[in-house]
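Participant:
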Amino acid sequence: MKEFGYTVHKERLIDYDRNDKRVLNHLKKHEPSVLTCIACGSCTATCSAGQLVDFNIRLVQTLLRRGEIEPLKKEVRKCMLCGKCILICPRGVNMRNLILAIQTAIDKLQ
Amino acid sequence: MISFNLFVLPFSFGLIYLLYMIIRWWTKWIRALPPEDRARFRKGIFSRQFFSGLKEVFLESLVHRKMFRRNALLGFMHMSFALGWFLLILAGNIESRIYSTSHVNPPYYPIFLKFFIHDRTVLWFEINTVPGFFRFLMDFLLLFILSGLILAMIKRGRSRWFGMTRTTHSQLTDRVALVCLWLIFPVRLLAESFTDGYYGAGGGFATQHLGNLFAVLFRESSQHIAYALWWLYSLALGIFFVTLPFSRYWHIPTEVLLIFFRRFGIPPKRIASSFSQVEIGACSRCGVCIDVCQLGSAARIHDIQAVYFLRSVRDEQVSRDITLRCLVCGRCQETCPVGINIDLIRLIERYNFSGSHASDFTYLPEPAPRKAQVAYFAGCMTHLTPSIIRAMKGILQEAGIDYHFLDEEGSVCCGRPMMLSGKHEQAGELIRFNRELILQSGADTLVTSCPICFRVFREEYNLPVRILHHTQYLLELIKSGKVPLQTVFRKVAYHDPCDLGRGSNEYRAPRELLAKVAELVEVPEEKEDALCCGGSLGIYTISSRKRDLITSDALDKLTSSGPEVLVTACPLCKKTFSRLAGIEVLDVAEMVYGAIPE
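Okay, structure coming up:
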């Protein structure tokens with residue numbers, strides 16, 4: 000009873016000091032534009048897939064930084080690579096290679 | 000008596016090795032063909048196509064017709080080596096047969112003929128019928144090749160005279176083979192001259208006179224010098240033949256096979272196959288593709304051009320980043336003198352790198368379009384340029400067309416961007432969805448505003464309906480008088496989108512439309528040579544800064560004759576140009592819509 004309201008589920012715990020940075024590091028090297036994102040959400044607003052399903056490039060960025068590889072892998076599968084987001088992005092993030100490079104990095108882990 | 004000297008060994012060994020390699024690889028490639036293609040090959044050999052193939056081999060591999068069309072000096076240089084050497088071998092063989100006492104000659108015999116025969120009395124044919132014919136011919140052909148060699152040397156320093164700004168960076172094997180190739184002919188000239196000079200007979204107009212001079216200068220020692228030169232000549236030939244399969248010159252035998260593959264109707268494949276391997280081997284690394292690549296000329300990326308890409312594929316050293324760093328604009332393919340399907344090979348390699356990840360498109364809805372005669376598909380990119388949609392809706396309404404806007408609520412991607420990443424299966428899922436959508440609309444005409452969609456609809460969808468780009472459809476409407484037009488007097492430059500022009504071979508419709516509503520100005524590189532806007536979906540690994548360099552460079556050229564409006568027929572080109580253009584950028588549809596009288 001005394002722990003009411005303060006319980007943290009272990010699987011929901013994100014320890015930024017112990018994040019799995021392997022995929023992020025691969026991207027820093029192969030698609031450094033990923034770091035320039037300001038999370039404005041323009042990509043998500045214009046996304047073709049995002050109109051049909053809950054798909055959010057900002058979520059991809061968050062999962063990437065948290066090192067949550069399994070959900071990341073599932074998320075990027077929804078992308079159709081149509082490229083509208085690249086034209087909209089005010090920061091020049093190369094979203095299409097972001098998606099492909101995440102998949103390549105995950106392949107390398109296995 | 001068999002003529003023999005130890006120095007023929009390097010040449011003979013080299014020749015045997017080269018023939019072994021050619022036979023080995025040709026059989027390997029032919030046997031690896033799928034059964035239906037092997038049947039085509041067998042059938043082709045005994046058909047008329049075989050002879051038209053031979054003709055093409057003569058015109059392209061020897062005369063280098065396409066090189067001539069590009070630049071006369073470049074063409075002459077290639078022709079003098081290829082045709083000159085071929086004729087030298089041919090004439091040398093005939094000559095040796097006539098002068099020889101035996102009917103069976105070893106293969107080295109014609110090559111070193113002058114070493115073995117310098118006695119004039121043997122030359123009964125020439126004395127009795129055409130005096131000095133072969134001596135003249137052989138010298139003439141040798142000088143013909145040497146003229147090409149001099150051009151090749153000049154090209155090293157003055158490539159611009161040959162219509163090339165940049166030339167290929169060569170590999171070690173290429174350099175070894177090149178040095179040997181360059182040595183062969185001058186050494187042959189010297190060896191023959193020294194021999195003719197020493198014996199005082201047997202030479203032609205060049206070799207004899209040069210030889211006489213050497214005989215005066217070097218006296219008795221010219222015999223030894225000649226012998227050393229014959230050794231050098233044989234060594235140069237031998238090393239050239241041995242390095243040939245590992246150098247750019249491997250294209251010589253491979254291109255011949257490629258020409259026959261094409262003639263026999265063997266189609267290119269989407270995955271690595273004999274055909275793609277033969278195409279990769281047939282690249283002569285002439286470097287014609289280097290200058291046309293905008294990544295090099297505008298964005299200063301110099302390691303990904305077709306010649307380097309194909310070389311790294313052949314050497315099995317291609318990297319993912321390089322494979323994905325290409326606009327797939329098709330400019331190199333258009334200019335390639337061998338006609339290699341470069342874009343296709345690019346996509347094959349991308350397929351090999353595409354990894355294990357499946358897509359998850361379970362979210363795609365059930366397609367439920369309204370029935371109509373005409374289906375309009377705007378495409379993802381057109382949704383980013385609502386003015387094009389507005390124009391199209393306005394024109395279609397004006398013309399009173401019963402149409403259904405298939406993707407009014409947002410597009411599902413046509414699948415081409417996914418294909419460009421090498422993910423065929425995933426693209427297939429998107430294609431299946433849109434195909435169903437189009438079929439269910441019951442339309443007999445499909446109109447799209449996006450050349451990217453247009454191309455994939457035509458190439459991959461296998462639709463039983465008429466597929467038109469909006470420029471083609473609008474031209475039809477105007478010609479049938481359904482849309483009244485007035486000319487708006489504005490100077491416009493037209494930019495050919497890659498997937499509409501080179502990709503779908505449509506250059507006429509947009510120009511005809513524009514001619515009706517405005518004044519078209521000259522553009523330096525257009526139609527087949529049109530530039531990419533820089534926004535291409537074909538490239539994955541490039542920074543936005545480099546993209547901007549390509550766009551600015553293309554804009555400079557497109558606006559060089561001072562148009563008021565830059566017109567294109569692709570929403571992606573429009574969107575890309577608009578960001579950096581100093582003038583208005585419009586789609587052809589917008590121009591047409593603007594020309595409809597109030």
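Protein sequences appear in the order of chains C and S.
Using numbering that gives the first Met the number 0, you'd call the opening residue of the first sequence number 0 and step up by one each time.
Using numbering that gives the first Met the number 0, you'd call the opening residue of the second sequence number 0 and step up by one each time.
For each residue, glycine too, the CB sits at the ideal point set by N, CA and C.
Could you pull the DSSP bridge partners for Thr540(S) from this structure?
Facilitator: Mapped onto the second sequence, residue 540(S) falls at position 541. Partner(s): none; Thr540(S) has no beta bridge.
Participant: Rounded to whole angstroms, what is the Cα-Cα separation between Ser448(S) and Thr35(C)?
Facilitator: For the purposes of this step, residue 448(S) is identified with residue 449 of the second sequence, where counting begins at 1. For the purposes of this step, residue 35(C) is identified with residue 36 of the first sequence, where counting begins at 1. So the two alpha carbons sit approximately 33 Å from each other.
Participant: Output needed in chain order: residues of the stretch 393-412 of chain S with a Cβ under 8 Å from some Cβ in chain C.
Facilitator: Residues passing the 8 Å Cβ filter: Glu408, Gly409, Ser410, Val411 and Cys412.
Participant: Between Pro496(S), Lys573(S) and Leu145(S), which lies nearest to Ile183(S) when the distance is taken from Cα to Cα?
Facilitator: By one-based count along the second sequence, residue 183(S) stands at place 184. Comparing Cα positions, the closest option is Leu145(S).
Participant: Excluding the 5 residues flanking His403(S) on each side, which residues of the same chain have their C-beta closer than 8 Å to its C-beta?
Facilitator: The residue given as residue 403(S) occupies position 404 in the second sequence. Once the five neighbours on either side are set aside, the close Cβ partners of His403(S) are Pro368, Arg369, Lys370, Ala371, Val373, Ala374, Tyr375, Ser440 and Ala442.
Participant: Leu87(S) and Leu140(S) look like a contact to me (Cβ under 8 Å); what is the Cβ gap, rounded to whole Å?
Facilitator: For the purposes of this step, residue 87(S) is taken as the residue at position 88 of the second sequence. For the purposes of this step, residue 140(S) is taken as the residue at position 141 of the second sequence. Going by Cβ atoms, the distance from Leu87(S) to Leu140(S) rounds to 5 Å, so yes, they are a contact pair.
Participant: Does the beta-carbon of Thr567(S) have 16 or more other beta-carbons within 10 angstroms, so that it is buried, or is it exposed?
Facilitator: Here the question's residue 567(S) lines up with position 568 in the second sequence. Answer is buried; the Cβ neighbour count reaches 16.
Participant: Could you please give the first and the last residue of the uninterrupted alpha helix (DSSP H) stretch that includes Arg465(S)?
Facilitator: Your numbering for residue 465(S) matches position 466 in the second sequence. Taken as a continuous stretch (DSSP letters only), Arg465(S) belongs to no alpha helix (DSSP H), being part of the beta strand (DSSP E) at Arg465 to His468.
Participant: Looking only at DSSP bridge pairs, what is Phe376(S) linked to?
Facilitator: As a first step, residue 376(S) must be located in the second sequence, where it is residue number 377. Its beta-bridge partners are Thr447(S).
Participant: Checking the sheet assignment: what are the DSSP bridge partners for Asp586(S)?
Facilitator: Walking along the second sequence from the start, residue 586(S) turns up at place 587. Its beta-bridge partners are Thr567(S).
Participant: Could one say the Cβ of Gly295(S) lies closer than 8 Å to chain C's Cβ atoms, at least one of them?
Facilitator: One-based indexing of the second sequence puts residue 295(S) at position 296. Taking Cβ atoms only, chain C never reaches closer than 8 Å to Gly295(S), which makes this a no.
Participant: With DSSP run on the structure shown, which of helix, strand or coil describes Thr120(S)?
Facilitator: Counting from 1 along the second sequence, the entry for residue 120(S) is found at position 121. Any reading at Thr120(S) needs caution, since the residue's pLDDT is 49, under 50, leaving its predicted position unreliable; the model's value is listed next. Thr120(S) falls in the helix class under three-state DSSP.
Participant: Taking beta-carbon pairs under 8 Å, can you tell me which members of the stretch 312-333 of chain S lie near chain C?
Facilitator: The residues in question are Arg319, Asp320 and Leu323.
Participant: Entirely within the stretch 457-510 of chain S and at least 4 residues each: give me those alpha helix (DSSP H) ranges in chain order.
Facilitator: You should have 469-478.
Participant: Beta-carbon of Met94(C) versus every beta-carbon of chain S: anything under 8 Å?
Facilitator: In the first sequence, counting from the first residue as 1, residue 94(C) sits at position 95. So, not an interface residue.
Participant: Please list the residues of the stretch 332-355 of chain S that have a C-beta atom closer than 9 Å to any C-beta atom in chain C, keeping them in chain order.
Facilitator: Listed in sequence order: Phe352, Ser353, Gly354 and Ser355.
Participant: Would you call the CB atoms of Leu419(S) and Leu557(S) closer than 8 Å?
Facilitator: In the second sequence, counting from the first residue as 1, residue 419(S) sits at position 420. In the second sequence, counting from the first residue as 1, residue 557(S) sits at position 558. No. Outside cutoff.
Participant: Using 8 Å as the limit for Cβ to Cβ distance, is Leu71(C) near chain S?
Facilitator: The residue you call residue 71(C) lines up with position 72 of the first sequence. Not an interface residue.
Participant: Shorter than 8 Å from the beta carbon of His25(C) to some beta carbon of chain S?
Facilitator: To locate residue 25(C), count along the first sequence from 1; it is residue 26. Cβ-Cβ to chain S under 8 Å: no for His25(C).
Participant: What does DSSP give as the partner residues of His403(S) in its beta bridges?
Facilitator: One-based indexing of the second sequence puts residue 403(S) at position 404. Its beta-bridge partners are Ala374(S).
Participant: In the DSSP assignment, what residue or residues form a beta bridge with Glu518(S)?
Facilitator: Taking the first residue of the second sequence as 1, we reach residue 518(S) at position 519. DSSP lists Lys490(S) as partners of Glu518(S).
Participant: Please report how far the alpha carbon of Arg57(C) lies from the alpha carbon of Arg415(S), in whole angstroms.
Facilitator: Working through the first sequence from its first residue, we reach residue 57(C) at position 58. Working through the second sequence from its first residue, we reach residue 415(S) at position 416. Cα to Cα, Arg57(C) sits roughly 25 Å from Arg415(S).
Participant: Comparing alpha-carbon positions, which option in Arg64(C), Cys78(C), Ala38(C) and Ile37(C) lies nearest Val52(C)?
Facilitator: The residue given as residue 52(C) occupies position 53 in the first sequence. Among Arg64(C), Cys78(C), Ala38(C) and Ile37(C), the Cα nearest to that of Val52(C) belongs to Cys78(C).
Participant: Below 8 Å on the Cβ atoms is my guess for Asp586(S) versus Ile387(S); work out the distance and round it to an integer in Å.
Facilitator: Position 587 of the second sequence, counting from 1, holds the residue named residue 586(S). Position 388 of the second sequence, counting from 1, holds the residue named residue 387(S). With 8 Å as the limit, Asp586(S) and Ile387(S) qualify as a contact, their Cβ atoms being about 5 Å apart.
Participant: Give the residues from the stretch 366-380 of chain S that approach chain C closer than 8 Å (Cβ to any Cβ), ordered along the chain.
Facilitator: Flagged, chain order: Cys379 and Met380.
Participant: Between the Cα of Met391(S) and the Cα atoms of Gln276(S), Lys154(S), Val482(S) and Leu571(S), which residue gives the shortest distance?
Facilitator: Position 392 of the second sequence, counting from 1, holds the residue named residue 391(S). Comparing Cα positions, the closest option is Val482(S).
Participant: What distance in whole Å lies between the Cβ atoms of Gly329(S) and Val306(S), which are believed to be in contact at a cut-off of 8 Å?
Facilitator: Against the second sequence, residue 306(S) aligns to sequence position 307. Against the second sequence, residue 329(S) aligns to sequence position 330. Actually they are not in contact, since the Cβ atoms of Val306(S) and Gly329(S) sit about 16 Å apart, beyond 8 Å.
Participant: Who are the near neighbours of His250(S) in its chain, counting only those whose CB is closer than 8 Å to its CB and skipping five residues on each side?
Facilitator: Translated into the one-based positions of the second sequence, residue 250(S) becomes position 251. Answer for His250(S): Gly280, Ala281, Cys282, Ser283, Arg284 and Val337, listed in chain order.
Participant: Roughly how many angstroms separate the alpha carbons of Ser296(S) and Thr164(S), rounded to a whole number?
Facilitator: As a first step, residue 296(S) must be located in the second sequence, where it is residue number 297. As a first step, residue 164(S) must be located in the second sequence, where it is residue number 165. For Ser296(S) and Thr164(S), the distance between alpha carbons rounds to 10 Å.
Participant: Quick check on this structure: which residue in Gly162(S), Phe240(S), Gln207(S) and Phe132(S) has the alpha carbon closest to the alpha carbon of Phe67(S)?
Facilitator: Looking up residue 67(S) in the second sequence gives position 68. It is Gly162(S) whose Cα lies nearest to the Cα of Phe67(S).
Participant: Can you tell me whether Cys288(S) is buried or exposed? The criterion is at least 16 other CB atoms within 10 Å of its CB, across all chains shown.
Facilitator: Here residue 288(S) refers to the residue found at position 289 of the second sequence. So Cys288(S) ends up on the buried side.
Participant: Given Thr120(S), which residues of its chain have a CB within under 7 Å of its CB, disregarding the five upstream and five downstream residues?
Facilitator: As a working note, residue 120(S) is residue 121 in the second sequence. Bear in mind that a pLDDT of 49 at Thr120(S), under 50, signals an unreliable position, so the number given afterwards is only what the model happens to contain. Excluding positions up to five away in sequence, the list is empty.
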